[in-house]
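Read through the structure below, which is laid out as C-alpha cells, and then see the notes.
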Ligand code: NAD
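Numbering (our numbering), first residue to last: 5 to 495.
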C-alpha cells in the first residue's frame, strides 16, 4: 500500500482528525493507496497557508520571476512524467503511454502561462475630461480552489493551476478521491522548482472536503472540472458567498459523418471519439450520427474494429483500452446499457464485462455500440462516461443540427466532410464550445476550451483563461485644481 498525506505550506500534514481513506487499483481491483481524509479544519489550515503566501513572498515576487518559476515547474513535470503517469495509471487505469504523453505536454502549458505572467497589462482610459488620469490595474484574486475529477488528473490540474498561478494567485487543489497521488507529487515538484511554500497546496478527501473548500471565506475563486451535478451544487454554494466559478462539466458530444467522407477516416474518427481512454473523457463523441448512404458500411466496419480492440493491462504497450476507473462507474456503464436495451435500442457489440488474464479482479468492460435509441432516451441525453457509443443514421442537414443540439450539453462536436463550406456553416450552427472538423479530441494550451449550456461556464487554455483569475481595478486621479460641486456626480 502507498501512503500519502496532505501537502500544504511546503510540508506533508496528516488530516487533523487523523482520518484516512483508501483507493483501489482498477486493473487489479485491489487496494492501492491510503490518503488523508480532509475536512473543514484541514481546509482552514491550508487556506491560511495559501493566504499567507499570497500576501507574502508570492505577492511580492516580480512578474517575470513568477513566470520563470512556472516554467521551471514545467521542466520538473516533464522530467517526472513517467513517475507521475505510473501513479495515475495505478489509480484510474488509463493507458500508461497516453498518460506519459499528456503529462509531458503539460510542460508546454507551464511555458505558455509562464510566458504570460509578465504580459498582464492594464490600460490608460482615454476620457473626455483631460484633467483626469484614469487607468486600470489587473490584480490577482487571492486563494483559488481547484477541484478536479479522476479521468486525466495531472492534465486537468495543470490546465487549471497554470493560468491561476501565472495571474499571481495561490492555489489549493482538491483532487478526485479516486486519483489523489499525482497532485501531491505535483505540489512537491513546485517546491523543488522554487515556488515559495504555500503557493501550491493539496488537500485530499471526499466530496465534503471539496464542499469545505468552496465554502471557505479565504477562497476567492473556484475552478471546477467534473460532473454537471457537482458543478451545479458548487456554483450554488459559491453563489451564496458571491464567489465566481469556472466550470468544466460533462458532455454528450455529437460526432457527425457525411456521405462524402473516406470510410477509413470515418472509422478512425468514430473510434477515436468514443473508445480512447475507455470512453472516460468529457469530450467523448458518444453520439455518432452517420449519413444514411454510408450508414450500413460504416457501422459494419466500426463494429468489427470495436470487437478487435485489445482490452487489458494499461501498463502493457499493446493494450488499446484499459479498465473502467472505478467499480461504481463499471456498474453505471452496465446499468445504462441495460436500460438503453430495455428502452428499445439494439446492441450491436459489447455490453459485457471482460476477464483479462492476470488482472481477474479488474473493472474491464467491452467496447459497446448500440443503435436505434430514441432521441429522448437516457442513452441519447445523459453522459455515460464509459466505452458506450450510440450510433444513429441521418439524411437531412437541418435534422442533424437539431439532433446535435438536442441535449442539455454543449462541450464538443465532430464534423466529418470534404465539403469545406458545409463544414464551416455547420460549425457556426452547432452549440458547442469546441468543434472539430475532420479530426477529434485535439487540444492545445493556446486554444480556448470549455462548454456551452450545461457543459460549463468560462474557458480554459488560451489568453482567455488567465483573465478569469484576474480582477480589474479602475484608478482615478484628478490632476486639475478646480474644486468640484460636492452634490453632483462627476460623469
Ligand atoms: P464528480 O463531479 O463526481 O467529481 C469531481 C470532483 O469534485 C471530485 O474531486 C469530487 O470529490 C468533487 N466533488 C463532487 N461533488 C462536490 C461538491 N458538491 N462540492 C465540492 N466538490 C465536489 O466527477 P467525476 O466522477 O470525478 O468525473 C467525471 C465527470 O467529470 C464527468 O461528468 C466528465 O464529463 C467531467 N469532466 C469534465 C471535463 C471538462 O473539461 N469539461 C474534463 C474531465 C471530466
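Note that beta-carbon positions come from the ideal geometry of N, C-alpha and C, so glycine has one too.
1. Do residue 365 and residue 34 have their C-beta atoms within less than 8 Å of each other?
2. Starting from the Cα of residue 79, find the closest Cα among 97, 94, 51, 118 and give me that residue.
3. Between the beta-carbon of residue 261 and the beta-carbon of residue 371, is there less than 8 Å?
4. Taking Cβ positions, are residue 88 and residue 158 nearer each other than 8 Å?
5. What does the alpha-carbon distance come out to for the pair residue 313 and residue 242?
6. As a quick exercise: from 323, 388, 378, pick the residue whose alpha carbon is nearest that of residue 355.
7. Can you tell me the Cβ-Cβ gap for residue 75 and residue 115, rounded? I've got them flagged as a contact below 8 Å.
8. Since residue 412 contacts residue 427 with CB under 8 Å, what's their CB separation in whole angstroms?
9. Expressed to the nearest angstrom, what Euclidean distance is found between the alpha-carbon atoms of residue 333 and residue 149?
10. May I ask whether a heavy atom of the ligand NAD can be found less than 7 Å away from the beta carbon of residue 155?
11. What did DSSP end up calling residue 303 once you bin it into helix, strand or coil?
12. Is residue 358 near the ligand NAD, judged by its Cβ being under 7 Å from some heavy atom?
13. Please state the DSSP three-state secondary structure of residue 407.
14. With hydrogens ignored, establish whether the beta-carbon of residue 270 is closer than 7 Å to any heavy atom of the ligand NAD.
15. Touching or not, the region 305-320 and the region 478-491, by the rule of three or more beta carbon pairs under 8 Å?
16. Out of 473, 205, 32, which one is the CA nearest neighbour of residue 185?
17. Closer than 6 Å by C-beta to residue 188: which residues in its own chain qualify, once you throw out the five before and the five after it? Chain order, please.
18. Keeping to the same chain, check which residues put their C-beta closer than 7 Å to that of residue 343; ignore five residues upstream and five downstream.
19. For residue 359, which three-state DSSP category applies?
20. At which residue ranges does the region 221-258 contain complete beta strand (DSSP E) runs of 3 or more residues, listed in the order of the chain?
21. Distance check for residue 125 and residue 145, CA to CA, integer angstroms please.
22. Taking C-beta to C-beta, are residue 523 and residue 459 nearer than 8 Å?
Reading off the structure:
1. Contact check for residue 365 against residue 34 passes: the beta carbons are separated by less than 8 Å.
2. Shortest Cα-Cα distance from residue 79 to any of 97, 94, 51, 118 involves 118.
3. no
4. yes
5. 43 Å
6. 388
7. Sure, about 5 Å apart at Cβ, within 8 Å.
8. With 8 Å as the limit, residue 412 and residue 427 do not qualify as a contact, their Cβ atoms being about 25 Å apart.
9. 26 Å
10. yes
11. In the three-state scheme derived from DSSP, where H, G and I count as helix and E and B as strand, residue 303 is classed as helix.
12. no
13. helix
14. no
15. The region 305-320 vs the region 478-491: no contact.
16. Nearest in C-alpha terms to residue 185, of all of 473, 205, 32, is 205.
17. Only 8, 11, 206 meet the Cβ criterion.
18. Excluding its 5 nearest sequence neighbours in each direction, residue 343 has C-beta neighbours in its own chain below 7 Å: 382, listed in chain order.
19. coil
20. 223-229, 248-252
21. 15 Å
22. Outside the displayed range of the chain (5 to 495) lies residue 523, so it cannot be described from this structure.
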